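Okay, structure first, notes after.
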Amino acid sequence: MRWPFPIVPVLFSLAVACATGAEQEPVQAAIIGRFAKGPVGAPVRVNSVQFESLYGSSNPVAWPAELQARRFFAQQGAALHVIRANPGGSLRSALEGDALAMSGRHALPLIRDFGVLICPELTLLPAGEVPGTLQIWRDAMKERRAMLILDPPPGLTTVTAMTQWTTQNAPSSASSLAIYYPYLNASINGATTSFGASGSMAAAWVKNDSLTGEGIWSSPAGTQLPLVADNLSTTLSTSQQDALAAVYVCPIIKPTVSGNIIPWGIRHLDGGNPENRYISLQRTLNWIGTNVTRLGSISASRSNNSALWTELRGNVQSFLQEIYQRGALQGTTASQAYFVQCGLGQTMTQADVDSHVVKLMIGVAMTRPSEFTIVQFSWDTRNPARPLAAPRLIMRDGYAGKQLFYNTPAGATYSLKSSATMTAGTWFEHAAPVTGDGTWRQAQFEPIYGRRFFRSEQTALP
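Numbered by mature numbering (1 follows the signal peptide of the UniProt record, and there is no 0), the letters in the sequence shown go through residues -21 to -1, 1 to 441 in order.
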């Protein structure tokens, strides 16, 4: 890939995968929206100072995404992946983006370990577009094993208005969506401003994930998670809290004893599901699914036989045992907390084996011992008749110059190399090769005089 600008390849970050173990990296938060300035299209991971430099404006109230990103950092969120939507065209198409160009919503696969999204302008769409759009984004979040925190549209000044809006617009089976009410109030540029809680709650979620003694399975609510704001737009009575909970809107309260602003709701928008009603449960299932899927990526380079089945069972059991010991699963014994099955006559038929497909099933006790949520996985195994997918490289603007994204299909190792010329023998590596697991990796460079070509070398595993 030729870079059209003068650059020198200086690597800032290049994630390295482990071939046999789930990495259990922290869940990453992202925001999609229109900003006054900044690179368009691909995600750029920034801290608060970098965000201000790259995307900040003098009037954040005019830019809902900027306002929510600032609330994320005010809530002590450490890093946020910012996807600036194309400023042209309709709002809906800008947020959706383009699948081929991997912009807007379609840029999310570029974020490794993505799990929490805020998109404040989704509920600002014309009223007739909101229900159908939320269904599309609900499905997209399920596919990505992630959750989207919505904001109420402006102007819902009563609990009745909020419950009516939710009833009219929230899609069914929306376990990948959550919403909070009432609005938060804070002084911005000298004026009191009301806004939704999505930015604050995204930061609270990911911060709660990493607290000592806690984890993604811990409830993202309660007195240990006070929100940074001056006040609430309205004070909820107990009956109003109950009315919101009845339509699975998470209440935010301000007890008179402490005076802190506290997220009090714990249900996603499919909160009536008796088997899965809680935000923490859905996020934990998402996270387990992501880690187990990566563990299974070794299958692409292996034969579909008992040796592979044994290795998969062992790796997944080790992962589940670890999170069980950390408190993610319920039960006084491991057998009450989880099980793993993988084998011929158990999870596969001979037809599956002949088709080069391995299947694995896990059961995890999320709320009560020995009451298992069943999750099934399948992976392609080595097939000489099926060539490996070719790696893809995408160049985009980043925080410091350009950033390069490259995917790593399972079944091979990948080495990112660059050269000032196309001459053989002049290519050099930036880091140790990474093992393909189906995710995208990222490298970032600073511009300097000269030109540079890039390639991702693919080497099949034995």
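For every residue, glycine included, the Cβ atom is placed at its ideal position computed from N, Cα and C.
Fair warning: this is a prediction, and the values are worked out from it, not measured in the lab.
Residue state for Asp333 is assigned as helix, using DSSP reduced to three classes.
Here the C-alpha atom of Asn65 lies approximately 25 Å from the C-alpha atom of Asn148. In chain order, Ala182 and Lys186 place their CB closer than 7 Å to the CB of Gln55, counting only its own chain and leaving out the 5 sequence neighbours on each side. Within the DSSP bridge table, the entry for Phe51 names no partner.
Looking only at Arg24, Ser151 and Pro133, the smallest Cα-Cα distance to Arg91 is reached by Arg24. Cβ contact annotation for Ala222 (same chain, cutoff 7 Å, sequence separation greater than five): Val138 and Thr142, in chain order. For the pair Thr263 and Ile195, the CB atoms are nearer than the 7 Å cut-off.
Taking the Cβ atoms as the reference, Gly68 lies roughly 16 Å from Ala44, outside the contact range of under 8 Å. In terms of CA proximity to Leu215, Lys233 leads the group Thr269, Lys233, Ile128 and Ser179. Spatial neighbours of Arg123 in its own chain (CB-CB distance under 7 Å, excluding positions within 5 residues in sequence) are listed in chain order as Leu87 and Phe93. Tyr303 sits in a helix when the DSSP states are folded into three classes. Relative to Ser394, the option among Thr402, Gln382 and Ala422 whose CA is nearest is Ala422.
Between the alpha carbons of Pro199 and Ile231 lies a gap of roughly 12 Å.
Rounded to whole angstroms, the gap between the alpha carbons of Ala53 and Val207 is 7 Å. Annotation: the continuous alpha helix (DSSP H) that includes Ala182 extends over Ser177 to Asp188. Membership of Glu436 in the beta strand (DSSP E) is indicated by the continuous run Phe432 to Ala439. In this structure, Arg434 is the residue among Ala368, Arg371, Tyr385 and Arg434 with its C-alpha nearest to the C-alpha of Thr400. Close CB contacts of Gln437 within its chain, under the 7 Å cut and outside five residues either way in sequence, are with Leu367, Pro370, Ala391 and Tyr393 (chain order).
Ile245 carries a coil assignment under DSSP once its states are collapsed to helix, strand and coil.
Ile353 counts as exposed, since fewer than 16 other C-beta atoms from the protein chains shown sit within 10 angstroms of its C-beta.
A straight-line Cα-Cα distance of about 16 Å links Lys16 and Leu74. Ranked by Cα distance from Ala78, the options Gly244, Gly111 and Ala21 are led by Ala21.
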